[in-house]
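Colleague: Let me begin by handing over the structure; questions about it come next.
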């Protein structure tokens, strides 16, 4: 699954589609583990097999190096 991160309203945004809810939930849990490692947490929206992730740094309401770091970690989950 290869998609690109988009910049929308000062956020990195990426949408993922999985086989079913269980697969999307497993992915969300892995994203949570990566987020905890760097103490930087995304907005995650899940509807059945679809997951939307938004990354931005709340303190300055823009995209920071932490957001880029987390986006790369999220991409590696699917490799």
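Residue numbers (my numbering): 39 to 117. Beta carbons are placed, not taken as given, at the ideal position from N, Cα and C, and that holds for glycine. Note that the structure is predicted; figures quoted are calculated from it, not measured.
1. Can you list, in chain order, the residues of its chain with a C-beta nearer than 8 Å to that of residue 111? Leave out the 5 residues immediately preceding and following it.
2. Which partner residues does residue 54 have in the DSSP bridge list?
3. Assuming residue 46 is part of the alpha helix (DSSP H), what are its boundary residues?
4. Out of 93, 70, 78 and 101, state which residue places its alpha-carbon closest to the alpha-carbon of residue 53.
5. Hey, residue 113 and residue 50: beta-carbon distance below 9 Å or not?
Modeller: With the structure as the only source:
1. Within the chain shown, numbered from 1, the residue matching residue 111 stands at position 73. The residues are 72, 75 and 76.
2. Here residue 54 corresponds to residue number 16 of the chain shown, with the count starting at 1. Answer is 89.
3. The count along the chain shown starts at 1 and reaches residue 46 at position 8. Looking at the DSSP string, residue 46 is not in any alpha helix (DSSP H); the run it does join, the beta strand (DSSP E), is 44 to 46.
4. Taking the first residue of the chain shown as 1, we reach residue 53 at position 15. Between residue 53 and the set 93, 70, 78 and 101, the nearest pair of CA atoms involves 93.
5. Here the question's residue 113 lines up with position 75 in the chain shown. Here the question's residue 50 lines up with position 12 in the chain shown. No.
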